[in-house]
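Participant: I'd like to ask you about the structure that follows.
In my numbering, the protein residues as written are 85 to 656.
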């Protein structure tokens with residue numbers, strides 16, 4: 085029999101994926117396995133989002149869902165992934181998970197349910213198609229809490245809640261198919277099924293993968309854009325100080341006329357041009373001998389754009405008319421105004437062209453309130469100085485609750501105010517984190533502070549990691565808060581006052597997790613537990629043969645809160 089080149093067997097393509105479409109494709113795959121007499125010993129969910137599909141395959145093929153503790157090295161398992169890219173699932177995740185899994189179970193093919201492209205990271209891909217949301221928010225939230233980056237020594241575990249939610253999810257998929265089938269006679273053919281078979285010899289592909297074990301060994305690719313650099317450049321530089329002052333005054337005057345109705349921001353550099361709600365003023369100035377040619381784009385992004393765009397245009401026109409009448413006395417060039425409305429994008433742009441000659445500039449400078457202009461520009465300078473304060477804080481960081489809260493506040497505030505400038509300063513921030521070896525803290529903060537995940541994951545990406553879980557899996561040192569309750573406060577007070585040594589210990593406190601690490605005193609007094617994800621990674625390192633040690637990072641003696649007690653854990 086002719087053996088094909090080792091690549092992914094893509095079964096189907098379709099335009100739109102629905103819940104019933106996924107069940108149709110799974111049923112087809114199940115039929116091929118049964119027809120060829122494939123002997124499976126179990127289904128292994130490669131990510132928590134794949135658990136509903138694992139349940140369906142398990143039921144239809146009459147094989148159990150297995151994890152590392154219940155599978156033999158020579159058994160044939162089906163390694164199952166949900167979708168790509170999806171939530172925290174990336175190509176690198178799938179590749180690393182497959183390689184880690186194959187070191188334990190080398191005879192196990194992999195199946196990816198859905199991807200927007202022919203991903204070429206698994207042995208089988210069920211469907212290639214664009215897709216939206218097909219899981220409930222409740223399920224997605226719980227699955228995220230059960231996500232961990234693949235690591236040698238890990239043991240897959242899921243919460244009881246995720247297990248129950250997965251049952252409900254797959255029931256909804258089956259129900260959607262049943263409803264579609266009941267209405268079959270009322271539907272057009274392309275409404276019944278829109279799957280187009282791609283692999284013309286699926287039986288040969290199944291035989292190669294399951295019988296001959298010609299399996300794909302995916303290549304691990306580095307994170308794209310990890311070396312992305314943004315250099316800050318001013319949008320205009322005018323040598324004539326009088327002209328520069330007049331142009332700046334005009335821009336701030338226009339901004340002030342709008343900011344009572346809309347969130348307004350004037351961009352003076354390329355790093356300040358961001359996709360934001362409200363109004364963004366983008367100037368471009370060409371200096372000439374007798375003055376400056378000012379071109380301004382005023383971009384409005386809002387819901388109900390038509391009504392608000394009319395209001396914005398009216399505000400600008402009224403402000404300019406007032407300026408012409410009261411300051412310039414109608415003696416100079418008048419501005420030209422044009423506009424474009426893009427309703428489908430909820431965006432409108434007002435274009436302002438105005439030649440500012442030297443005489444006009446002098447008149448504006450005489451009339452302008454210098455104190456007013458200085459106040460507005462100082463506020464802008466304050467934002468830039470806050471970045472310097474953040475870098476200084478990181479370079480001199482000593483862990484205590486005040487510094488910890490300040491760090492969180494500055495990170496979140498600067499990202500919200502100007503994420504483009506944050507990205508431009510990212511290399512400097514990363515260098516400061518490196519200098520104090522604060523990646524363990526950054527990873528933990530991204531884990532427990534959902535509001536800070538976006539800026540912190542951007543910084544983590546500069547380091548070459550996919551997300552905070554990827555970073556945490558790679559570390560051998562962890563800074564972590566201790567989860568505790570007020571009833572244990574006397575134990576803490578005694579530990580702090582008497583400087584009693586502490587240690588961590590793995591305990592099977594929850595039947596759904598192999599081990600939860602607890603913190604206790606040397607005489608066995610319970611203090612608290614470590615976060616689930618941190619426990620997972622430490623347990624994996626322990627199974628690799630590493631020795632686990634801990635020490636006090638910071639114990640708050642006076643205030644009891646969720647951030648009062650922090651320890652450093654080292655995997656040696």
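The beta carbon of each residue, even a glycine, is placed where N, CA and C say it ideally should be.
The model shown is predicted, which means the values in this text are computed figures rather than measured ones.
Can you tell me where the beta strand (DSSP E) with residue 650 in it begins and where it stops?
Facilitator: Numbered from 1 along the chain shown, position 566 holds the residue referred to as residue 650. First-last of the beta strand (DSSP E) with residue 650: 649-655.
Participant: Contact between the segment 196-209 and the segment 155-173 is defined here as three or more beta-carbon pairs at a separation below 8 Å; is this criterion met?
Facilitator: yes
Participant: Helix, strand or coil: which one does DSSP assign to residue 242?
Facilitator: Locating residue 242 in the chain shown gives position 158, where the first residue counts as 1. Three-state DSSP puts residue 242 in coil, outside helix and strand.
Participant: With residue 553 as the anchor, note down where its alpha helix (DSSP H) starts and where it stops.
Facilitator: Here residue 553 is taken as the residue at index 469 of the chain shown, counted from 1. Per DSSP, the unbroken alpha helix (DSSP H) holding residue 553 starts and ends at 552-558.
Participant: Does residue 309 come out as helix, strand or coil in the three-state DSSP assignment?
Facilitator: Counting from 1 along the chain shown, the entry for residue 309 is found at position 225. The predicted model places residue 309 with a pLDDT of 46, which falls under 50 and marks its position as unreliable, so this point remains unresolved.
Participant: Looking only at DSSP bridge pairs, what is residue 437 linked to?
Facilitator: Within the chain shown, the letter at position 353 stands for residue 437. DSSP lists 379, 420 as partners of residue 437.
Participant: Helix or strand or just coil, what does DSSP make of residue 167?
Facilitator: One-based indexing of the chain shown puts residue 167 at position 83. Three-state DSSP puts residue 167 in a strand.
Participant: Classify residue 176 as buried or exposed, calling it buried when 16 or more other Cβ atoms lie within 10 Å of its own Cβ.
Facilitator: Along the chain shown, one-based indexing puts residue 176 at 92. Per the 10 Å Cβ criterion, buried.
Participant: Cβ of residue 330 within 8 Å of Cβ of residue 403?
Facilitator: On the chain shown, residue 330 is found 246 positions in, with the first residue counted as 1. On the chain shown, residue 403 is found 319 positions in, with the first residue counted as 1. Not in contact: residue 330 and residue 403 (Cβ atoms no closer than 8 Å).
Participant: At what residue ranges does the segment 519-587 contain a whole run of the alpha helix (DSSP H), taking only runs of 4 or more?
Facilitator: 523-532, 537-546, 552-558, 573-582
Participant: List the DSSP bridge partners of residue 129.
Facilitator: For this step, residue 129 is matched to residue 45 along the chain shown. Answer by DSSP bridge pairing, in chain order: 164.
Participant: Looking at the secondary structure, which residues open and close the alpha helix (DSSP H) in which residue 501 lies?
Facilitator: Your numbering for residue 501 matches position 417 in the chain shown. Run containing residue 501: 485-501, per the alpha helix (DSSP H) assignment.
Participant: Ordered along the chain, which non-local residues of its own chain (more than five positions away) have a Cβ less than 8 Å from that of residue 278?
Facilitator: For this step, residue 278 is matched to residue 194 along the chain shown. If the five residues before and after residue 278 are omitted, its C-beta is found closer than 8 Å to the C-beta atoms of 98, 99, 100, 105, all from its own chain and listed in chain order.
Participant: In whole angstroms, what is the alpha-carbon distance linking residue 631 and residue 656?
Facilitator: On the chain shown, residue 631 is found 547 positions in, with the first residue counted as 1. On the chain shown, residue 656 is found 572 positions in, with the first residue counted as 1. Between residue 631 and residue 656, the C-alpha separation is close to 5 Å.
Participant: To the nearest angstrom, how far is the alpha carbon of residue 146 from that of residue 238?
Facilitator: Translated into the one-based positions of the chain shown, residue 146 becomes position 62. Translated into the one-based positions of the chain shown, residue 238 becomes position 154. Going from the Cα of residue 146 to the Cα of residue 238 covers about 26 Å.
Participant: For the putative contact between residue 544 and residue 615, defined by C-beta atoms under 8 Å, what is the C-beta separation to the nearest angstrom?
Facilitator: On the chain shown, position 460 is the one that residue 544 refers to. On the chain shown, position 531 is the one that residue 615 refers to. Not quite, the Cβ-Cβ distance comes to about 17 Å (not below 8 Å), so this is no contact.
Participant: Since residue 564 and residue 528 should fall inside the 8 Å C-beta cutoff, what is the C-beta to C-beta distance between them, to a whole number of angstroms?
Facilitator: By one-based count along the chain shown, residue 564 stands at place 480. By one-based count along the chain shown, residue 528 stands at place 444. With 8 Å as the limit, residue 564 and residue 528 qualify as a contact, their Cβ atoms being about 6 Å apart.
Participant: Drop a sphere of 10 angstroms on the beta-carbon of residue 217, count the other beta-carbons inside from all chains shown, and report buried for 16 or more, exposed for fewer.
Facilitator: Within the chain shown, numbered from 1, the residue matching residue 217 stands at position 133. The residue in question, residue 217, is exposed, as its Cβ has fewer than 16 Cβ neighbours within 10 Å.
Participant: So, under 8 Å CB-CB, residue 505 and residue 339 are touching, yes? Tell me the CB distance rounded to an integer number of Å.
Facilitator: Here residue 505 corresponds to residue number 421 of the chain shown, with the count starting at 1. Here residue 339 corresponds to residue number 255 of the chain shown, with the count starting at 1. Contact doesn't hold; Cβ gap of about 17 Å is too wide.
Participant: Whose C-alpha, out of 523, 133, 603, is nearest the C-alpha of residue 546?
Facilitator: Residue 546 sits at position 462 when you count from the first residue of the chain shown. Per the Cα distances, 523.
Participant: Mind checking residue 141: buried by the 16 CB within 10 Å criterion, or exposed?
Facilitator: Indexing the chain shown from 1 puts residue 141 at position 57. So residue 141 ends up on the buried side.
Participant: Under 8 Å: do the segment 530-537 and the segment 570-581 share three or more Cβ pairs, one atom per stretch?
Facilitator: no
Participant: Between 255, 539, 393, 343, which has its C-alpha nearest residue 460's C-alpha?
Facilitator: Translated into the one-based positions of the chain shown, residue 460 becomes position 376. Put simply, of 255, 539, 393, 343 the residue whose alpha carbon is nearest the alpha carbon of residue 460 is 343.
Participant: Determine contact between the segment 615-626 and the segment 638-650, defined as no fewer than three beta-carbon pairs at a distance below 8 Å.
Facilitator: no
Participant: Expressed to the nearest angstrom, what Euclidean distance is found between the alpha-carbon atoms of residue 552 and residue 139?
Facilitator: One-based indexing of the chain shown puts residue 552 at position 468. One-based indexing of the chain shown puts residue 139 at position 55. For residue 552 and residue 139, the distance between alpha carbons rounds to 29 Å.
Participant: Which stretch, first to last residue, makes up the alpha helix (DSSP H) that contains residue 350?
Facilitator: Working through the chain shown from its first residue, we reach residue 350 at position 266. Residue 350 -> not in any alpha helix (DSSP H); beta strand (DSSP E) instead, spanning 348-350.
Participant: Using a Cβ-Cβ cut-off of 6 Å (strictly less than) and excluding sequence neighbours within five positions of residue 585, which residues of its own chain qualify?
Facilitator: For the purposes of this step, residue 585 is taken as residue 501 along the chain shown, with counting starting at 1. Cβ neighbours of residue 585 beyond the five flanking positions: 606.
Participant: Look at the alpha carbon of residue 399 and the alpha carbon of residue 405, and state the distance between them as a whole number of angstroms.
Facilitator: The residue you call residue 399 lines up with position 315 of the chain shown. The residue you call residue 405 lines up with position 321 of the chain shown. Approximately 10 Å, taken between the alpha carbons.
Participant: Should residue 267 and residue 102 be called a contact, given that it needs their Cβ atoms to be closer than 8 Å?
Facilitator: For the purposes of this step, residue 267 is taken as the residue at position 183 of the chain shown. For the purposes of this step, residue 102 is taken as the residue at position 18 of the chain shown. Contact flag unset, no.
Participant: Would you mind stating whether residue 293 and residue 193 have Cβ atoms separated by less than 8 Å?
Facilitator: Here residue 293 refers to the residue found at position 209 of the chain shown. Here residue 193 refers to the residue found at position 109 of the chain shown. In contact: residue 293 and residue 193 (Cβ atoms closer than 8 Å).
Participant: Can you give me the start and stop residues for the beta strand (DSSP E) that residue 97 sits inside?
Facilitator: Locating residue 97 in the chain shown gives position 13, counting from the first residue. Counting along the chain, the beta strand (DSSP E) containing residue 97 begins and ends at 93-97.
Participant: Within the same chain, show all residues whose beta-carbon is closer than 8 Å to that of residue 295, passing over the 5 residues directly before and after it, in chain order.
Facilitator: Here residue 295 refers to the residue found at position 211 of the chain shown. Taking residue 295 as the centre and dropping the five residues before and after it, the same chain places the C-beta of 120, 122 closer than 8 Å to its C-beta, in chain order.
Participant: Starting from residue 188, trace the alpha helix (DSSP H) in both directions and tell me its first and last residue.
Facilitator: The count along the chain shown starts at 1 and reaches residue 188 at position 104. First-last of the alpha helix (DSSP H) with residue 188: 175-188.
Participant: In whole angstroms, what separates the C-alpha of residue 251 from that of residue 227?
Facilitator: Translated into positions along the chain shown, residue 251 becomes position 167. Translated into positions along the chain shown, residue 227 becomes position 143. Cα to Cα, residue 251 sits roughly 13 Å from residue 227.
Participant: Secondary structure at residue 426, three-state DSSP: helix, strand or coil?
Facilitator: The count along the chain shown starts at 1 and reaches residue 426 at position 342. It is a strand residue.
Participant: Measuring CA to CA, which of 521, 483, 582 is closest to residue 651?
Facilitator: Here the question's residue 651 lines up with position 567 in the chain shown. The shortest Cα separation from residue 651 among 521, 483, 582 belongs to 483.
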